[in-house]
Amino acid sequence: MDEAQATSFSHPSQNPDLSSIKTFWTEMKLELNRSPASSLWDLKVKLRSIWSSIDEDLVRKTVRSMHKRLDAVKEARGGHTNGLV
Numbered sequence: 000m001d002e003a004q005a006t007s008f009s010h011p012s013q014n015p016d017l018s019s020i021k022t023f024w025t026e027m028k029l030e031l032n033r034s035p036a037s038s039l040w041d042l043k044v045k046l047r048s049i050w051s052s053i054d055e056d057l058v059r060k061t062v063r064s065m066h067k068r069l070d071a072v073k074e075a076r077g078g079h080t081n082g083l084v
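Residues 0 to 84 (numbering that gives the first Met the number 0) are what the sequence shown spells out, left to right.
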């Protein structure tokens with residue numbers, strides 16, 4: 000029988016976070032810190048309100064920047080990149 004061969008890949012200890020939603024969760028957390036919710040119901044209402052108020056230009060800019068973020072990660076070979084939006 001032939002022995003199976005496996006190819007190993009070197010991965011950085013911390014993979015880059017390319018999630019666009021992180022930008023918006025950060026914004027939502029900042030807003031909630033300014034005006035904390037007093038109940039679960041209040042939290043739901045505030046989150047919906049904050050989500051609705053996020054600037055559409057920021058959403059577009061964040062989505063459009065994905066290729067730049069991917070290129071930066073490739074150039075850094077999976078390592079640290081400066082925050083790109």
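Heads up, the beta-carbon is just placed ideally off N, CA and C, and yes, glycines get one too.
For this session: Taking only runs that begin and end inside the stretch 18–73, name each unbroken alpha helix (DSSP H) of 4 or more residues, in chain order.
Result: 20–33, 39–52 and 55–63
Exercise. Should the stretch 18–37 be called in touch with the stretch 57–64, which here means at least 3 C-beta pairs below 8 Å?
Worked result: yes
Exercise. What number of angstroms, rounded off, separates the C-alpha of K28 from the C-alpha of L57?
Worked result: 16 Å
Exercise. Just how far apart, CA to CA, sit R76 and D70?
Worked result: 10 Å
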